[in-house]
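Per full-length UniProt numbering, the very first residue in the sequence shown carries number 1; after that it's consecutive. Since the structure comes first, as structure tokens, the remarks are kept for the end.
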Amino acid sequence: QWLSDRKKRALQKKDEDIRRRIELIQDFEMPTVSTKIKVSRDGQYIMAVGTYKPRVRCFDTYQLSQKFERCLDSEVVTFEILSDDYSKIVFLQCGRFVEFHSQHGHYYRTRIPKFGRDFSYHYPSCDLYFVGASSEVYRLNLEQGRFLNSLQTEASESNVCDINPVHFLFAMGTAEGKVECWDPRTRNRVGLLDCALSSVTADTEIEGLPSISALKFDGALNMAVGTSTGQVLLYDLRSSNPLIVKDHHYGLPIKSIQFHHQLDLIISADSRIIKMWNKDTGKIFTSMEPEHDINDVCLYPNSGMLMTANEAPKMNIYYIPVLGPAPKWCSFLDNLTEELEENPESTVYDDYKFVTRKDLENLGLAHLIGSSLLRAYMHGFFMDIRLYHKAKMMANPFAYEEYRREKIRQKIEETRAQRVQLKKLPKVNKELALKLIEEEEQEISKKRKQKNLPSLLKDDRFKVMFENPDFQVDEQSEEFRLLNPLVSKISEKRKRKLKILEELEAQGQEEEEEPEGKASDAESSESSDDEKGWVEEVRKQRKLLRQEEKLKRQERFKEDQQTLLKPQFFEIKEGEEFRSFKDSAKKQKLMKKTLEDRLKLEEELGTLNVSDTTVGSKQATFKLKKSEQQRKQQEAEKRHRQERKTLRRSASHLKSRRGRGRLFH
Numbered sequence: 001q002w003l004s005d006r007k008k009r010a011l012q013k014k015d016e017d018i019r020r021r022i023e024l025i026q027d028f029e030m031p032t033v034s035t036k037i038k039v040s041r042d043g044q045y046i047m048a049v050g051t052y053k054p055r056v057r058c059f060d061t062y063q064l065s066q067k068f069e070r071c072l073d074s075e076v077v078t079f080e081i082l083s084d085d086y087s088k089i090v091f092l093q094c095g096r097f098v099e100f101h102s103q104h105g106h107y108y109r110t111r112i113p114k115f116g117r118d119f120s121y122h123y124p125s126c127d128l129y130f131v132g133a134s135s136e137v138y139r140l141n142l143e144q145g146r147f148l149n150s151l152q153t154e155a156s157e158s159n160v161c162d163i164n165p166v167h168f169l170f171a172m173g174t175a176e177g178k179v180e181c182w183d184p185r186t187r188n189r190v191g192l193l194d195c196a197l198s199s200v201t202a203d204t205e206i207e208g209l210p211s212i213s214a215l216k217f218d219g220a221l222n223m224a225v226g227t228s229t230g231q232v233l234l235y236d237l238r239s240s241n242p243l244i245v246k247d248h249h250y251g252l253p254i255k256s257i258q259f260h261h262q263l264d265l266i267i268s269a270d271s272r273i274i275k276m277w278n279k280d281t282g283k284i285f286t287s288m289e290p291e292h293d294i295n296d297v298c299l300y301p302n303s304g305m306l307m308t309a310n311e312a313p314k315m316n317i318y319y320i321p322v323l324g325p326a327p328k329w330c331s332f333l334d335n336l337t338e339e340l341e342e343n344p345e346s347t348v349y350d351d352y353k354f355v356t357r358k359d360l361e362n363l364g365l366a367h368l369i370g371s372s373l374l375r376a377y378m379h380g381f382f383m384d385i386r387l388y389h390k391a392k393m394m395a396n397p398f399a400y401e402e403y404r405r406e407k408i409r410q411k412i413e414e415t416r417a418q419r420v421q422l423k424k425l426p427k428v429n430k431e432l433a434l435k436l437i438e439e440e441e442q443e444i445s446k447k448r449k450q451k452n453l454p455s456l457l458k459d460d461r462f463k464v465m466f467e468n469p470d471f472q473v474d475e476q477s478e479e480f481r482l483l484n485p486l487v488s489k490i491s492e493k494r495k496r497k498l499k500i501l502e503e504l505e506a507q508g509q510e511e512e513e514e515p516e517g518k519a520s521d522a523e524s525s526e527s528s529d530d531e532k533g534w535v536e537e538v539r540k541q542r543k544l545l546r547q548e549e550k551l552k553r554q555e556r557f558k559e560d561q562q563t564l565l566k567p568q569f570f571e572i573k574e575g576e577e578f579r580s581f582k583d584s585a586k587k588q589k590l591m592k593k594t595l596e597d598r599l600k601l602e603e604e605l606g607t608l609n610v611s612d613t614t615v616g617s618k619q620a621t622f623k624l625k626k627s628e629q630q631r632k633q634q635e636a637e638k639r640h641r642q643e644r645k646t647l648r649r650s651a652s653h654l655k656s657r658r659g660r661g662r663l664f665h
């Protein structure tokens, strides 16, 4: 699948394994997509339609190759082989056209009033029944060569139709989820099944109204119906209730339904999966999920071969020996399957190693993503096993030595397990673990009638606390010493006990029930003394903490004296003059105050005037603060105006005195 056709042909000359592979029918494919596939009644010809361009291809099974190919004017919705071979074919096309082909090629073309979706051929009367985007069922008689009166149904649209091969009852599936059954002899409706209501069960989730997407008769009495929501209903024509309802659980429309009579199986397919299940019990026989979406499924008569039309150029052929023998034109498949069962060969993936993206990053091969050395598959990639081993050896050359040491350690532990078991304390928080063990032993000795609560040492939720060093209890911290003021005396006893346990583990001896030292009575008296001296111990710990804090402050002070202070420079904004650091502090304090406090302060300074208006509201007048430079400039202008005013006055005074003097003279 990963190689092109040219590379496959080149490899066939060199590789013996590729030479042994089977291409059952040569060039069994379409240019882009295949939509429908059928087998002629004599079993010699397989016909398929697809795009692009719209065409039909006929394959001769006796020659295992293509017999002919014909291109069409529009895409084919469905087709029917009327004769035993390929000499009479009818195509229903997208543009409402019905095209007839004979052995030599195109024969005749006509048109129906509405767009068609499916049709069936009634052999006794030579009538074609067309259903589609209309409430009518159009009838075209091939003997007379003309349209007959159509059947008027209650449905708004119809999707599929079929004719029973025994008593020739005509059935059609509607868009409303109903199946209407008509008698072609009297042209009257003889039955109505509400499949949409029957398809809804307790465990199905349906968002909309199910419509009928597939319909198939089996014998005289059985009929299978497929819905657009992924359910298959098996009916007995004598009952309005389904015998069994099978859900595909994908919510996709059922594309095809086939019956396998040898094993009493129903083969139903949607665009994603093909399911084979027992029609009596509903038990799954097997299922197949091709790589590409499925458009149609065709079961080769009286055999175990299955063919599918897909949303891909290649049309798939499956051979399942359990379903039946191989067709006579490829009987060698039976011998091959027997040989494969006797001599199982290595699968394709034996020479490949599946790795995830994280594995590639650990190996240092993340740069190979997108190259031909990695093949994307599901959530990872396939790579050559030889490349994987080389990369792993380069990334971790001592992996084998580590693996060997781990195996030796495991075997040693297995032999140790046969000896007398000692108390095994974890590597992290040994004192806490010992405390929990002692509490459990005390509860057992006192025989308290309590529920069996899980131990913290055995509980998976707290397992990390005794494995990860990050959870180690810091006994020198301030919080621990204040919360546990008597921890010193208790920890001393536990440390002695830990030391004895470690010695016992080293010597391989049995653990003593109680270490030598004080008796249990002495311990009880100690506990009472500890309770009395609780306050003294807390005071002592607080005093020690204050002394430690004082020493730390002295050390920090010495370090600060040793470090040289560097001068700091501040940039003054343009247009402002620096007076002192107090102004900036005042500004910061002023900015922290509320708006009300700032308004009161400005009103006291005279920069704000608040007055009542006639309407009853408040009027506030602000005086903008000026910079120092503007203030100096205004003061200079004011002095200049005053000087000019005094000069004018003195000049006018002199003039008046001169005038008076002349008069007097």
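Virtual Cβ for every residue (Gly too), placed ideally from N, Cα, C. Because the structure is a prediction, the values reported are computed rather than measured.
Top-ranked residue by Cα proximity to residue i, from the options
| i | options | result |
| --- | --- | --- |
| Tyr62 | Asn164, Met591, Gly43 | Gly43 |
| Phe50 | Cys94, Ser125, Glu289 | One detail in the question is off: residue 50 reads as Gly in this sequence, not Phe. Taking only the C-alpha atoms, the option nearest Gly50 is Cys94. |
| Gly219 | Asp264, Val166, Leu436, Glu596 | Val166 |
| Ser287 | Asn302, Asn295, Ala269, Gly304 | Ala269 |
| Ile273 | Pro290, Ile257, Leu263 | Pro290 |
| Leu323 | Arg109, Leu265, Leu432, Lys600 | Leu265 |
| Cys161 | Tyr138, Gly251, Leu142, Ala48 | Tyr138 |
| Gln476 | Gln442, Leu545, Leu436 | Leu545 |
| Thr281 | Phe91, Val245, Asp293, Leu605 | Val245 |
| Thr186 | Leu169, Leu654, Met305 | Leu169 |
| Leu233 | Thr32, Lys279, Ser135 | Lys279 |
| Ala395 | Leu363, Arg405, His367 | Leu363 |
| Met378 | Ala366, Thr356, Leu368 | Thr356 |
| Arg55 | Arg41, Lys586, Val76, Tyr123 | Val76 |
Expected contact under 8 Å - CB spacing of residue i and residue j to nearest Å
| i | j | result |
| --- | --- | --- |
| Leu299 | Ile267 | 6 Å |
| Ser158 | Gly191 | That belief does not hold up - the Cβ atoms of Ser158 and Gly191 are roughly 15 Å apart, past 8 Å. |
| Ser199 | Thr229 | 7 Å |
| His101 | Ile112 | With a Cβ gap of about 17 Å, His101 and Ile112 do not count as contacting. |
| Asp127 | Leu151 | The Cβ separation is near 11 Å, so there is no contact. |
| Phe354 | Gly380 | 6 Å |
| Ile320 | Leu336 | Rounded, the Cβ-Cβ distance is 14 Å, inconsistent with contact. |
| Ala309 | Ile37 | 4 Å |
| Pro210 | Ala224 | In fact, because the Cβ distance is near 15 Å, the residues do not count as touching under 8 Å. |
Own chain residues within Cβ distance below 8 Å of residue i, not counting five before or after
| i | result |
| --- | --- |
| Lys67 | Tyr45, Cys58, Phe59, Asp60, Tyr86 |
| Leu457 | Pro426, Ala433, Leu436, Ile437, Phe466 |
| Asp359 | Gly380 |
Residue i - DSSP class collapsed to helix/strand/coil
| i | result |
| --- | --- |
| residue 666 | Past the boundaries of the shown model lies residue 666; the chain is included only from 1 to 665, so the question cannot be answered. |
| Tyr129 | strand |
| Gln472 | coil |
| Cys71 | strand |
| Asn396 | coil |
| Leu151 | strand |
| Phe354 | strand |
| Tyr52 | coil |
| Val297 | strand |
| Asp183 | strand |
| Ile25 | coil |
| Leu425 | coil |
| Phe462 | helix |
| residue 699 | Residue 699 falls outside the range modelled here, since the chain spans only 1 to 665, and no answer is possible. |
7 Å Cβ shell around residue i - same chain, five flanking residues per side excluded
| i | result |
| --- | --- |
| Tyr352 | Phe382, Met383, Asp384, Ile385 |
| Tyr107 | Phe100, His101 |
| Leu121 | Sequence check: residue 121 is Tyr here, not Leu. Answer for Tyr121: Glu80, Leu82, Leu128, listed in chain order. |
| Leu647 | none |
Any C-beta of chain D under 8 Å from that of residue i
| i | result |
| --- | --- |
| Thr174 | Among the protein chains of the structure shown there is no chain D, as only one such chain exists. |
Beta-carbon contacts of residue i that lie in its chain and below 6 Å, excluding the five residues immediately before and after
| i | result |
| --- | --- |
| Leu140 | Leu128, Phe147 |
| Gly226 | Ser213, Ala214, Val232, Ile254, Ile257 |
| Ile317 | Leu24, Met307 |
*Taking three-plus beta-carbon pairs below 8 Å as touching, is the segment 427-444 in contact with the segment 389-402?*
Too few Cβ pairs lie closer than 8 Å, so no.
_the segment 109-119 contacting the segment 83-100, beta-carbon criterion three pairs below 8 Å_ = Counting Cβ pairs under 8 Å, three or more are found: they touch.
*Touching or not, the segment 234-246 and the segment 296-312, by the rule of three or more beta carbon pairs under 8 Å?*
Fewer than three beta-carbon pairs drawn from the segment 234-246 and the segment 296-312 are found closer than 8 Å, and the two stretches are therefore not classed as touching.
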